[in-house]
Ligand SMILES: NC(=O)c1ccc[n+]([C@@H]2O[C@H](COP(=O)([O-])OP(=O)(O)OC[C@H]3O[C@@H](n4cnc5c(N)ncnc54)[C@H](O)[C@@H]3O)[C@@H](O)[C@H]2O)c1
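Numbering (the working numbering), first residue to last: 3 to 301.
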């Protein structure tokens, strides 16, 4: 007599790795670790020194307490706290099934740290980078197992951003990309899969709309408010391109635009107005003024 199959035998249950390491416990690293923790993983953050580790731990605990008080998890704070570890010892990653790198956007730093992490990982572990612009193939070329590496580009703030861009390097194993799609869905987010190329999909499209809006402002086509309203009301963008540039940071957008101009061509050349504002220190919300004036974080 055949027995009734268990639900887990019928449905293919895609789970997050039991242990996820996150390299760098800054804004993105804590968000990524927190997302995997809530999905059931044990989360280990590696920081560069004791002070940075203490800061990351505080941010991590505060994020998990917020999730408990908002009811975004059924687990209690103690159970969640028991599954986190913030350390300065890279050997803690030996048990990780996946490590996501989220140190600052500097190629030399990222490649040297990825190599250090790769050296302690088990043979079956996967490695990913949260880089927003660097080439996954160039980073992979510095690793001994490039086939186990891809891009996992989370958005800021991680808890409320539903998109994750999975960047497929030339060497990335198809089974890694498939697993990554499953992890992202298990986090309650939506994956898009992009071939490694400058600006991936999100930055390339985001920047091209922003720099066209800045050129229109420069040419006096319309006011900043009206250019933004064209996209918000006309095309249902949640935020206009100029306001979004203020939120992201004009310096950040200038950097990406210069990089895309050097790799994809002059259509990405930054408008003079963007360069002028950055030179004047008008960087957007963080400096109090960009295309709009910001007071107390609001334009
Ligand atoms: N902030 C964003 O909006 C955003 C969005 C998407 C992707 N990203 C990408 O995510 C990455 C991290 O960005 P962030 O905004 O979290 O930066 P951040 O500066 O907030 O955090 C970086 C962290 O890395 C730590 N770190 C530096 N060197 C280290 C080392 N050798 N070992 C371990 N830890 C080290 C720092 O102490 C810091 O806590 C970057 O590649 C960035 O491009 C950022």
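Heads up, the beta-carbon is just placed ideally off N, CA and C, and yes, glycines get one too.
So the beta strand (DSSP E) residue 276 belongs to, where does it begin and stop? Careful: residue 276 lies outside any beta strand (DSSP E), inside the alpha helix (DSSP H) at 274-281.
How many Å lie between residue 184 and residue 225 at the Cα? 44 Å
Excluding the 5 residues flanking residue 282 on each side, which residues of the same chain have their C-beta closer than 8 Å to its C-beta? none
For residue 156 and residue 133, what's the separation of their Cα atoms in angstroms? 9 Å
Residue from 73, 47, 76 and 51 whose Cα sits closest to the Cα of residue 62: 47
Flag this pair as yes or no: are the beta carbons of residue 2 and residue 129 separated by less than 9 Å? This structure cannot speak to residue 2, because the chain is shown only from 3 to 301.
Ranges of the beta strand (DSSP E) found wholly within the stretch 108-143, counting only runs of at least 3: 128-131
For residue 201 and residue 74, I'd like the C-alpha separation in whole angstroms. 32 Å
Exposed unless 16 or more other CB atoms sit within 10 angstroms - verdict on residue 78: exposed
Taking contact to mean 3 or more Cβ pairs, one atom from each stretch, closer than 8 Å, check whether the stretch 137-153 and the stretch 240-251 are in contact. no
Nonlocal neighbours in the same chain, by C-beta distance under 8 Å from residue 58, ignoring five residues either side: 27, 28, 31, 32, 47, 49 and 88
Starting from the C-beta of residue 234, find all residues in its chain whose C-beta is less than 8 Å away, skip the five residues before and the five after it, and write them out in chain order. 240, 241 and 242
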